[in-house]
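Per this note's numbering, the sequence shown starts with residue 1, numbered consecutively.
The beta carbon of each residue, even a glycine, is placed where N, CA and C say it ideally should be.
The structure under discussion appears below in the form of structure tokens.
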Amino acid sequence: MDWLISSNLELRWKVSGLRAASGIDLTLLCFQIAEFGAILGVVLVLLLHSLDVVNGRNEDICRLFSNNTVIRDPESCSQSITCIDSVSYYSTCTGSTPFFDKDTGKCVKSLSTSTSSCSISCADRAKQFLADPKSCYGYYYCADEETAMYGTCPSETHFNATTQMCSRQYESDCTTSSFEYCSIVKNGVNFDNLQGCHMYHVCDKGVLKDKTCSNTYYQASTGECVSKALVDCDAHPLPTNVCGKASKPYENKFVADEATCRGYFYCAKQKDGTPDANPVWNQCPQDKFFDASSQMCITPSSVKCSHDRCDGRTASFVVSATKGCRNYLSCSDGITVGERSCGNYFFDDQLGACTPSVQTYTACKS
Numbered sequence: 001m002d003w004l005i006s007s008n009l010e011l012r013w014k015v016s017g018l019r020a021a022s023g024i025d026l027t028l029l030c031f032q033i034a035e036f037g038a039i040l041g042v043v044l045v046l047l048l049h050s051l052d053v054v055n056g057r058n059e060d061i062c063r064l065f066s067n068n069t070v071i072r073d074p075e076s077c078s079q080s081i082t083c084i085d086s087v088s089y090y091s092t093c094t095g096s097t098p099f100f101d102k103d104t105g106k107c108v109k110s111l112s113t114s115t116s117s118c119s120i121s122c123a124d125r126a127k128q129f130l131a132d133p134k135s136c137y138g139y140y141y142c143a144d145e146e147t148a149m150y151g152t153c154p155s156e157t158h159f160n161a162t163t164q165m166c167s168r169q170y171e172s173d174c175t176t177s178s179f180e181y182c183s184i185v186k187n188g189v190n191f192d193n194l195q196g197c198h199m200y201h202v203c204d205k206g207v208l209k210d211k212t213c214s215n216t217y218y219q220a221s222t223g224e225c226v227s228k229a230l231v232d233c234d235a236h237p238l239p240t241n242v243c244g245k246a247s248k249p250y251e252n253k254f255v256a257d258e259a260t261c262r263g264y265f266y267c268a269k270q271k272d273g274t275p276d277a278n279p280v281w282n283q284c285p286q287d288k289f290f291d292a293s294s295q296m297c298i299t300p301s302s303v304k305c306s307h308d309r310c311d312g313r314t315a316s317f318v319v320s321a322t323k324g325c326r327n328y329l330s331c332s333d334g335i336t337v338g339e340r341s342c343g344n345y346f347f348d349d350q351l352g353a354c355t356p357s358v359q360t361y362t363a364c365k366s
């Protein structure tokens, strides 16, 4: 690379032998150089890199998707994201196929009219930079009138097509573009809906559909509906009339969340006398279950609850809800992995073992 300084002291890079190679990303690096006390301008540098972890501009979108799901980066027309263990890994399309097609999972020369917002034309723009229509910090460098090469500005800067430079965010008029999930996700792919533990999304012919799991919760890592105990989620669905009816609302009262043995909602008294529409969820500490009658967190064996009784338990074996108090659950990391019987004996929840002594816990009372 050779330095060139124009008559107006604007410092630029002259890039010799720049080529568009498939699988290589061109990243725009901007910085300012001061000489003789004057700011000369922002320099654009094209660097090469391949697969990288998401840079943390926003909360990781892969928390919504199952392992190995590939989507288009919502902030770029040229980048794809592969989701692995809820972490985004970028891959960039370059050269003569600068756009990522989320339906085929391939880099293509141009996208269909359904994704026309990603259309980029280098006609009459050779050797110029164009803004990425899907992000404030992305850009395309037109190597010629047919080849668009993708790159990004560094953190806390935006690309300015007018000045052909990266500028500080506070100097930019650009705002982060919103996006439709179905413009980045292939049809038929399930992904999490953060509005509820039992909810998920799927795109059907390009239209976002809301789906719900029946008596189970949605697990983003597998893309399936599974036992509630297997999902770490606080957005429990509100039970029907959770805070009472209009004729008799609950006021400043705790009620069971009907999803776990530890969880509860707090129904606050409303000024207009109606049931609390947005009760606050919370849960009892480890080795305590919520008891609606006493409005307290108490010993688990004293609470009748048919949900996962291993939730929040530190013991390896706990009494089951099966009537008769002869059965016990095997727990691992707060989840039930199996249920066994003591035969003609009873299970002692304190000892964590079978005993001939009769046990009559509320949890398993006949």
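Under the assumption that residue i contacts residue j (Cβ atoms under 8 angstroms), give the Cβ distance between them as a whole number of angstroms.
i: His-435; j: Cys-261; result: The displayed coordinates of the chain run from 1 to 366. Any statement about residue 435 would go beyond what the structure contains.
i: Glu-145; j: Ala-126; result: 5 angstroms
i: Thr-92; j: Tyr-150; result: 6 angstroms
i: Cys-83; j: Cys-62; result: 4 angstroms
i: Phe-191; j: Leu-64; result: 5 angstroms
i: Cys-325; j: Cys-364; result: 4 angstroms
i: Phe-346; j: Ser-357; result: 6 angstroms
By DSSP, does residue i sit in helix, in strand, or in coil?
i: Gln-359; result: coil
i: Ser-341; result: strand
i: Ser-167; result: strand
i: Ser-80; result: strand
i: Cys-331; result: strand
i: Ser-88; result: strand
i: Thr-211; result: Here residue 211 turns out to be Lys, not Thr, going by the sequence shown. Correct three-state label for Lys-211: strand.
i: Leu-238; result: coil
i: Ile-24; result: At Ile-24, the pLDDT of 32 sits below 50, so the modelled position is not reliable; the number obtained from the coordinates is stated separately. The answer is coil: DSSP assigns Ile-24 none of H, G, I, E or B.
i: Cys-153; result: coil
i: Leu-351; result: coil
i: Cys-297; result: strand
i: Lys-248; result: strand
i: Ala-126; result: coil
i: Ala-229; result: helix
i: Val-280; result: strand
i: Cys-142; result: strand
List the endpoints of the continuous beta strand (DSSP E) containing residue i.
i: Tyr-181; result: Run containing Tyr-181: none; DSSP gives neither H nor E here.
i: Ile-71; result: 70-72
i: Ile-61; result: Premise fails: Ile-61 is in no beta strand (DSSP E) and is neither H nor E.
i: Lys-205; result: Careful: Lys-205 lies outside any beta strand (DSSP E) and carries neither H nor E.
i: Lys-102; result: First-last for Lys-102: undefined, no H or E at that position.
i: Gly-263; result: 263-267
i: Gln-270; result: Premise fails: Gln-270 is in no beta strand (DSSP E) and is neither H nor E.
i: Lys-288; result: It is not in any beta strand (DSSP E) - Lys-288 carries neither H nor E in the DSSP assignment.
Sorted by chain position, which residues of the same chain lie with C-beta nearer than 7 angstroms to residue i's C-beta, five sequence neighbours on each side aside?
i: Val-226; result: Thr-216, Tyr-217 and Gln-219
i: Leu-230; result: Gln-219 and Ile-335
i: Asp-349; result: Ser-301, Val-318, Val-319 and Tyr-361
i: Asp-311; result: Ala-229, Thr-260, Cys-261, Arg-262 and Gly-334
CB-CB under 6 angstroms to residue i, same chain, minus the five flanking residues each way: which ones, in chain order?
i: Pro-237; result: Gly-196 and His-198
i: Gly-263; result: Asp-257 and Gln-283
i: Asn-193; result: Met-199, Tyr-200 and His-201
i: Phe-254; result: Tyr-264, Tyr-266 and Gln-295
i: Gly-188; result: none
i: Lys-288; result: Cys-297
i: Thr-97; result: Cys-107, Val-108 and Lys-109
i: Pro-239; result: Glu-258
Original post:
Would you say the region 158-177 touches the region 100-108, given that touching needs at least three Cβ pairs under 8 angstroms?
Top reply: The answer is no - the region 100-108 does not touch the region 158-177, with fewer than three Cβ pairs under 8 angstroms.
Subject >> At least three beta-carbon pairs within less than 8 angstroms, the region 319-327 to the region 283-291 >> reply: As far as the Cβ criterion goes, the region 319-327 does not touch the region 283-291, which means the pair count is below three.
Subject >> Three or more C-beta pairs below 8 angstroms linking the region 196-215 and the region 86-97 >> reply: With a cut-off of 8 angstroms, the region 86-97 and the region 196-215 do not count as touching, because too few Cβ pairs lie within range.
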